[in-house]
Amino acid sequence: MLSGMDLPDDARSRLLRGLRAIVDEQGPPNGQTHQAGEAAEERLLALGAAPEDLRAFARMAAFESLFAALHLLDDPRGSPGWALVETSGGEPTGRLVQGLYEDLGPDR
Numbered sequence: 001m002l003s004g005m006d007l008p009d010d011a012r013s014r015l016l017r018g019l020r021a022i023v024d025e026q027g028p029p030n031g032q033t034h035q036a037g038e039a040a041e042e043r044l045l046a047l048g049a050a051p052e053d054l055r056a057f058a059r060m061a062a063f064e065s066l067f068a069a070l071h072l073l074d075d076p077r078g079s080p081g082w083a084l085v086e087t088s089g090g091e092p093t094g095r096l097v098q099g100l101y102e103d104l105g106p107d108r
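The opening position of the sequence shown corresponds to residue 1 in UniProt numbering, with each subsequent residue numbered one higher.
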């Protein structure tokens with residue numbers, strides 16, 4: 001056991017850092033994501049970009065982020081880690097849900 005650490009808080013922090021890193025890979029970090037994205041959208045539309053092209057690009061970025069987040073959930077490196085578990089009636093069934101990123105298709 002890791003002494004002196006609150007494992008649930010450490011796992012939570014590790015997961016959130018990993019998820020934030022996925023978002024930061026897509027654009028400006030430090031709380032500027034929405035502000036910078038909205039300004040970029042306005043500039044691109046003013047330059048003549050088609051709204052459907054911006055939506056297609058946003059969908060692609062969202063897919064890449066979702067894929068990375070699902071992959072992060074299955075990452076066996078590091079400790080503590082986490083697992084997605086199936087529940088029935090709010091109670092764990094004992095079955096892990098793994099490899100979701102393997103079945104995620106961009107055109108579904």
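Ideal Cβ placement from N, Cα and C applies to all residues, glycine included.
(1) I need the DSSP call for R77, collapsed to helix, strand or coil.
(2) Quick check: what's the CA-CA separation for S3 versus P106?
(3) Identify every residue that forms a DSSP beta bridge with S88.
(4) Just curious, the alpha helix (DSSP H) that L44 is in, first and last residue?
(5) Using DSSP with H/G/I as helix, E/B as strand and the rest coil, what is L104?
(6) Based on the DSSP secondary-structure assignment, which residues constitute the bridge partners of L72?
(7) Measure the CB-CB distance between I22 and S88 and report whether it falls below 7 angstroms.
(8) How many Å lie between E102 and E38 at the Cα?
(9) Considering only residues of the same chain and omitting the five flanking positions on each side of G78, which have a CB-CB separation below 7 angstroms?
(10) Can you give me the C-alpha to C-alpha distance between R43 and F67, rounded to a whole angstrom?
(11) Do L84 and L72 have their C-beta atoms closer together than 7 angstroms?
According to the data block:
(1) coil
(2) In this predicted model, S3 has a pLDDT of only 45, less than 50, meaning its place in the structure is not dependable enough to derive any value.
(3) E91
(4) T33 to A46
(5) coil
(6) Answer by DSSP bridge pairing: none, since L72 is not bridged.
(7) no
(8) 32 angstroms
(9) R14
(10) 28 angstroms
(11) no
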